[in-house]
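> In numbering that gives the first Met the number 0, the protein residues as written are 0 to 71. C-beta atoms are modelled at their ideal positions from N, C-alpha and C, and glycine is treated no differently. As the structure is a prediction and not an experimental result, all values here were calculated from the model.
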Amino acid sequence: MYKSRGNKGLFDEEFIKKRLSVIGNPLEAIKKVLDFEVFRELLESKLGNTNKKNNAGTKPYDVLLLFKILIL
0 MYKSRGNKGL
10 FDEEFIKKRL
20 SVIGNPLEAI
30 KKVLDFEVFR
40 ELLESKLGNT
50 NKKNNAGTKP
60 YDVLLLFKIL
70 IL
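1. Would you report the Cα separation of Lys16 and Gly47, rounded to the nearest angstrom?
2. Helix or strand or just coil, what does DSSP make of Ala28?
3. Which of the three DSSP states is assigned to Lys17 in this structure?
4. Less than 7 Å between the beta carbons of Arg39 and Leu63, yes or no?
5. Tell me which residue opens and which closes the alpha helix (DSSP H) that Lys51 is part of.
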């Protein structure tokens, strides 16, 4: 439904998470404290484009990802 974030290999995501965890990823600490999924329904209802005539054009970015970018 949403735009992908680039081409990744089979284990790239896992390797990146392990490397960030070793050096102390502050986003992991934030994720433990705050559940952003609580905001998904509200964001999609207010910001989702429901009046599209067709599926032409690129897919939108995930509204929750954009919200995290703005907040953080």
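According to the structure shown:
1. 30 Å
2. helix
3. helix
4. yes
5. Premise fails: Lys51 is in no alpha helix (DSSP H) and is neither H nor E.
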